[in-house]
Ligand SMILES: Nc1ncnc2c1ncn2[C@@H]1O[C@H](COP(=O)(O)OP(=O)(O)OP(=O)(O)O)[C@@H](O)[C@H]1O
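Residue numbers (my numbering): 13 to 727.
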């Protein structure tokens, strides 16, 4: 193994330095996986360390397996004795050997989230806690937060004070812990916490593990949490610790990772050597330059500019579409154009990355129309997502009263309809040769539904019937139906933000359909229109475009990358910034940095104008488009004149505020200001009138194009 040929000088230094603890600050694409792999190989082959004394902790099982395969390929099966795994797997291994000391059997049961929910369901029933007031998911989060924060159930009671809701959660927490202990069960948090407890109570056990792992490596160190860090500190008591990470790629703060562990590492581990890997082997110079420009805007970071010896490469393209359809068209046109003109390029060279999962919808529809295969990583295709299917079933039930839709949603949210009641409804439907829904409407008394279910099913029928005869516009009717049926409340109770976003995106799809079919839009034709998308199965071919959230894309690389949905408030996310302040904004910027640095050859940044129902505001290009600078960027499409930062923080200039009631050339996507409704965006031009989307509470309004109250903000 000639490291001089395989690694650059800094990489080699990082792979071979053994004199003290080592912190490797590895920029994106600078070969950290390569360095870790060769370091392990070097320890075994050149230094003669027995593999079982080597530990490498990775962020995912996938990363552990890949690294292991690479080491075995280099050194053969002998190297498989090194332990490469996630921190949870490591804890399971330690606990299986030593948990008897804590009076647990070695074959303790590990609980996943489904097990946690089942246990809480049981506890809620026993304690008469209504899951509508405290959702299972929020209770799981509460318990986890208490445990990680060292708050015992009795302390939780004290904190709850007179608040009934908090008291109930504390009771559930107490019962949950008690049940687990009695049944020797451990949840994921316990795996870490019990290991810490074991080490704190039994120094001799800790010492044994410290002696075992003489060389410890931790990958993705920028994303370790406080408990992870505590464990790593304990374990590394007698070893040489090597941590690898990139503070600029910390993107899991919402799950407890803390950038400061890598930033302040030398305070806890004096005499640490730091090696900075700043040569990038992945991206063109242009892509690196704009990524560097962006991340330099962050204050809490370690100064490092990546460089590359690769070619300059073409400019990064920013495309702004008049609407999502235009944005999706641009992405598909570009993919097809490259496929047809560049030799050797295949669909798997392309990735479409987005900040939030709901954003995949417009791109999926367009890819299906264009017959381009795609695969969603880390989730389901948009129209296969549970809440989207449920919502469409409600619409279908309204339009067709079909039995499949009825069966799917008659008890969602729960209306006390069990298998028996459903069977009674079905039998009645067969008896009269009608649909289940009709049977319920016409023969509720004959069917013999009683109690809670009777009342709730009657409300259910009323909602559907009212919706059938409503004069509301389709998107508003869709939203009202889900509100009246209690569907949104159910998701809110579950704190399921992603599902709510998906439903608002479905509303957006209905709005787009209405705008493109102004004369013929109804739910029947909408359902027919989207039938093509709702019946899509997963493909099993290798030739597909990859679609995924940026969090999923961490560690991956693609020749051609589209970062889509780059609108202010979507990315950076309004929620993260409003909740996290400056830190939140810095994390969003790191996320954009991770996204941009996935690209090897070409990077496309896209956004669209129009109205966003999730943020309830007109869309503007993201500030990140400004922050990457203008030198290496070419703008195309219909870039908004009005810069995002000005939009957010400055009032318009006097010139912009002067109304021009002679304006005749209004276009879809133009930004306007109305004296009463405030800022808005034109979603449709209908000759003398304009449909304009304003922020809540106003929504879409149709206004006279020449009215003096209307002012133009952009061309
Ligand atoms: N010294 C080198 N010579 C040639 N290619 C290299 C060298 N170091 C790394 N590479 C290549 O650069 C690419 C990026 O390396 P790797 O995936 O290890 O980066 P990384 O630091 O883990 O990236 P990120 O943190 O962005 O996920 C890989 O294709 C790798 O083979």
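Glycine is no exception: its CB is placed at the ideal position from the N, C-alpha and C atoms.
These numbers were taken from a predicted model, which means no experiment stands behind them.
- For residue 412, the three-state secondary structure derived from DSSP is helix.
- Excluding sequence positions up to five before and after residue 189, its CB lies within less than 7 Å of the CB of 165, all in the same chain and listed in chain order.
- In the three-state reduction of the DSSP assignment, residue 502 falls in the helix class.
- The C-beta distance from residue 104 to residue 94 rounds to 17 Å, too long to fall under 8 Å, and the pair is not in contact.
- Contact between residue 311 and residue 344 does not hold, since the beta-carbon distance rounds to 39 Å and is not under 8 Å.
- In the structure shown, residue 601 falls within a helical segment according to DSSP collapsed to helix, strand and coil.
- DSSP places residue 581 within a strand segment (E or B) once states are collapsed to three.
- Counting the other CB atoms within 10 Å of its CB gives residue 335 a total of 16 or more, which places it among the buried residues.
- Assignment of beta-bridge partners to residue 252 by DSSP yields 227.
- CA-to-CA, the gap between residue 23 and residue 601 works out to about 27 Å.
- Counting the other Cβ atoms within 10 Å of the Cβ of residue 613 gives 16 or more, which makes it buried.
- In the DSSP assignment, residue 685 falls outside any alpha helix (DSSP H) and lies within the beta strand (DSSP E) extending over 683–686.
- Around the beta carbon of residue 117, a 10 Å sphere encloses fewer than 16 other beta carbons of the protein chains shown; the residue is thus reported as exposed.
- The beta carbon of residue 678 sits closer than 7 Å to those of 694, 697, 702, 717, all from its chain and outside the five residues before and after it, given in chain order.
- One alpha carbon belongs to residue 177, the other to residue 506, and they sit about 15 Å apart.
- A distance below 8 Å between beta-carbons, with the five flanking residues on each side excluded, links residue 605 to the following residues of its chain, in chain order: 40, 260, 261, 303, 306, 307.
- For the pair residue 328 and residue 617, the CB atoms are nearer than the 8 Å cut-off.
- Residue 140 sits in coil when the DSSP states are folded into three classes, being neither helix nor strand.
- Setting aside the 5 residues that flank it on each side, residue 281 is surrounded in the same chain by 33, each with a C-beta closer than 6 Å to its C-beta; the list follows chain order.
- Judged by the Cβ position, residue 154 fails to qualify as a neighbour of ligand 1 at the 7 Å threshold, every heavy atom of the ligand being at least this far.
- Apart from the 5 residues on each side of it in sequence, residue 563 sits with its Cβ closer than 7 Å to the Cβ of 263 in its chain, given in chain order.
- Between ligand 1 and residue 40, a heavy atom-to-CB distance of less than 7 Å is present.
- Residue 36: not part of any alpha helix (DSSP H); member of the beta strand (DSSP E) spanning 34–38, first to last residue.
- Given a length threshold of 4 residues, each whole run of the alpha helix (DSSP H) inside the stretch 151–195 is given here in chain order: 165–172, 176–194.
- The three-state reading of DSSP puts residue 481 in coil, since its state is none of H, G, I, E or B.
- The shortest C-alpha to C-alpha distance from residue 496 to any of 424, 428, 544 is the one to 424.
- Note on geometry: alpha-carbon atoms of residue 147 and residue 508 lie some 10 Å from one another.
- The beta carbon of residue 408 is closer than 7 Å to those of 414, 417, 539 in its chain, skipping five residues each way along the sequence.
- Residue pairing from DSSP places residue 573 in a beta bridge opposite 363, 615.
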